[in-house]
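This report refers to the structure that appears directly beneath it.
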Amino acid sequence: MEIPAINLKAIVIVHWLLTMWGCIGLPNSYAWGDFGALALGVWAIAQRDSLDAVIMFLVAMVVTILTDIIHFGIFYPSADLIGRDLFRFSAGMAILSLLLKPVSCFFVYQMYRERGGDYNVTLGFPSLSRNRDTYQSIDHQDESGSLAQPFNQAQDPKPGARTY
C-alpha cells in the first residue's frame, strides 16, 4: 500500500487555522509555540530543497505535541476566564490540532525522506564489528610508478643523511 502524497502547504494551512481558533481560549505561550513551529513550516515550503527546514519543522511539531499536552493539563479547567462556549470551541480546535499533529509528523517525515534525508534512529550503543572486507591498510602501499613517490623525490644514497 502506497502512502498518499500530502502537500506541505495543506499541513501548514490546516494547523494554522486550528491554532488560530485554539488561541482564543488558551494562553499566549500556546500561540507562540505553535505559530513558531508553523513559521518553520513556511520556511520548509519556501525552500523546497532544504533538508534543514523540513527536519526543523518536524522537530518543532514533535515539541509542540508535548507543549500542547502541558498547556491542556495546566489551563483546561480555566473555563471561568472567558465564555464557556467560546472556551469549549477553542479547546476543541486545539485538541483537534493536537490529534492531527502525529499524522502530520508522519507526512512531514515522508517529505524529509523524499528530499533526500536519511535519519536513522538508533536506540542502542554503537557496536563494533570485525568485518574487515572494506578495510584498506596503509602499511602496504602500491609500489607501482608514480604512486610510490608522489612528489618525485629522488632516493637518498645514504639513509638518514639528507641534503637540502
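For the sequence shown, the positions run 39 to 202 when the working numbering is used. Backbone N, C-alpha and C fix where the C-beta goes; we use that ideal spot for every residue, glycine too.
Judging by CA-CA distance, which residue of the options is the nearest neighbour of residue i?
{"i": "G79", "options": "M99, I62, N66, I103", "result": "M99"}
{"i": "Y68", "options": "C143, F144, T105, G130", "result": "T105"}
{"i": "D90", "options": "Y150, I108, I133", "result": "Y150"}
{"i": "I108", "options": "R153, I176, G71", "result": "G71"}
{"i": "D87", "options": "E152, F125, I112, F73", "result": "E152"}
Are the CB atoms of residue j and residue i within a distance shorter than 8 Å?
{"i": "P140", "j": "I103", "result": "yes"}
{"i": "S135", "j": "L56", "result": "yes"}
{"i": "L76", "j": "V50", "result": "yes"}
{"i": "W59", "j": "M131", "result": "yes"}
{"i": "F125", "j": "G63", "result": "yes"}
Among residues of its own chain, excluding the 5 on either side of residue i, which ones have a beta-carbon nearer than 7 Å to its beta-carbon?
{"i": "L96", "result": "C143, V146, Y147, Y150"}
{"i": "I83", "result": "L46, K47, V50"}
{"i": "C61", "result": "Y68, A69"}
Would you check whether the ligand MG has a heavy atom nearer than 7 Å to the C-beta of residue i?
{"i": "W54", "result": "No copy of the ligand MG occurs in the structure displayed, which carries no ligand at all."}
Enumerate in chain order the residues of its own chain whose CB-to-CB distance from residue i is below 6 Å, with the five nearest sequence positions on each side excluded.
{"i": "I133", "result": "none"}
{"i": "M94", "result": "L78"}
{"i": "Q85", "result": "A91"}
Give a yes or no on whether 8 Å exceeds the smallest Cβ distance from residue i to chain D.
{"i": "G60", "result": "Structure shown: chain D not included; a single protein chain is present."}
Using C-beta distances below 8 Å, list every residue in its chain close to residue i, excluding the 5 sequence neighbours before and after it, in chain order.
{"i": "L138", "result": "V52, H53, L56"}
{"i": "Y114", "result": "A129"}
{"i": "G155", "result": "L89, V92, I93"}
Task: alpha helix (DSSP H) segments (min. 4 residues) lying fully within the segment 62-130 - done: 66-84, 89-113
Open item on the list: If contact is defined by three or more beta carbon pairs under 8 Å, each pair taking one atom from either stretch, is the segment 120-129 in contact with the segment 42-52?
Closed with: no
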